[in-house]
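Reading through the structure tokens given below for one structure.
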Amino acid sequence: MMIVVVMMIMIMMMVMMMMMMMMMMMMMMMMMMMMMMMMMMMMMMTMMMMMMMMMMMMMMMVMMMIMIMIRMKKMKIMVGMMMMMMMMMMMMMMMMMMMMMMMMMMMTMMMMMIICRGGY
Numbered sequence: 014m015m016i017v018v019v020m021m022i023m024i025m026m027m028v029m030m031m032m033m034m035m036m037m038m039m040m041m042m043m044m045m046m047m048m049m050m051m052m053m054m055m056m057m058m059t060m061m062m063m064m065m066m067m068m069m070m071m072m073m074m075v076m077m078m079i080m081i082m083i084r085m086k087k088m089k090i091m092v093g094m095m096m097m098m099m100m101m102m103m104m105m106m107m108m109m110m111m112m113m114m115m116m117m118m119m120m121t122m123m124m125m126m127i128i129c130r131g132g133y
């Protein structure tokens with residue numbers, strides 16, 4: 014009788030241990046996911062800030078150009094220059110956007126890979 018009881022207890026202990034291990038694994042996975050999310054958020058925030066800064070700079074440049082235009086009455090040359098400047102700005106913006114998109118894609122891919130691998 015005693016042996017059976019001991020066996021039962023042992024099995025129960027084993028099951029409990031297994032459960033605990035599973036729980037721990039799950040917790041770890043969750044933590045990893047959370048960390049990844051946080052990282053993503055941080056990256057996004059930094060990117061947004063950079064974008065904002067760029068926008069501000071562009072606005073400032075445009076304002077300066079307009080001011081110069083008002084000062085100097087050589088309108089046509091100034092207009093041409095402004096057009097060029099605007100084009101340059103647009104190009105820069107586009108480049109920034111592309112970079113951001115690429116970064117996001119990379120991050121998401123990494124996330125997926127980690128999550129998929131974490132299953133084992």
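Heads up: the sequence shown is residues 14 to 133, going by our numbering. A virtual CB, placed ideally from N, CA and C, is assigned to each residue, including glycine. Keep in mind the model is a prediction, meaning the values are calculated, not measured.
- Consult DSSP for Met14 and reduce its assignment to one of helix, strand or coil. Numbered from its first residue, the sequence shown carries residue 14 at position 1. Correct three-state label for Met14: coil.
- Message: Please report the distance separating the alpha-carbon of Met95 from that of Ile81.
- Response: Looking up residue 95 in the sequence shown gives position 82. Looking up residue 81 in the sequence shown gives position 68. Those two C-alpha atoms are separated by around 11 Å.
- Query: According to the Cβ coordinates, are Met102 and Met71 closer than 8 Å?
  - Reply: The count along the sequence shown starts at 1 and reaches residue 102 at position 89. The count along the sequence shown starts at 1 and reaches residue 71 at position 58. Yes, the Cβ-Cβ distance between Met102 and Met71 is below 8 Å.
- Item | Of the residues Met47, Met35 and Met30, the one placed nearest Met124, counting alpha carbons only | Here residue 124 corresponds to residue number 111 of the sequence shown, with the count starting at 1. Nearest C-alpha to Met124: Met47.
- Message: Among the candidates Met76, Met67, Met78 and Met60, whose CA atom is the shortest distance from the CA of Met115?
- Response: Working through the sequence shown from its first residue, we reach residue 115 at position 102. That would be Met60, whose Cα lies nearest to the Cα of Met115.
- Output yes or no for whether 8 Å exceeds the beta carbon distance between Ile127 and Met35. Taking the first residue of the sequence shown as position 1, residue 127 is located at position 114. Taking the first residue of the sequence shown as position 1, residue 35 is located at position 22. For Ile127 and Met35, no; Cβs fall outside 8 Å.
- Message: Could you compute how far the alpha carbon of Ile83 sits from the alpha carbon of Met57?
- Response: Position 70 of the sequence shown holds residue 83. Position 44 of the sequence shown holds residue 57. So the alpha carbons of these two residues sit roughly 39 Å apart.
- Query: Rounded to whole angstroms, how far is the Cβ of Met66 from the Cβ of Met98, which I believe are closer than 8 Å?
  - Reply: Numbered from 1 along the sequence shown, position 53 holds the residue referred to as residue 66. Numbered from 1 along the sequence shown, position 85 holds the residue referred to as residue 98. Actually they are not in contact, since the Cβ atoms of Met66 and Met98 sit about 18 Å apart, beyond 8 Å.
- When the distance is taken between beta carbons, is Met120 closer than 8 Å to Met53? For the purposes of this step, residue 53 is identified with residue 40 of the sequence shown, where counting begins at 1. For the purposes of this step, residue 120 is identified with residue 107 of the sequence shown, where counting begins at 1. Yes, Cβ-Cβ distance for Met53 and Met120 is below 8 Å.
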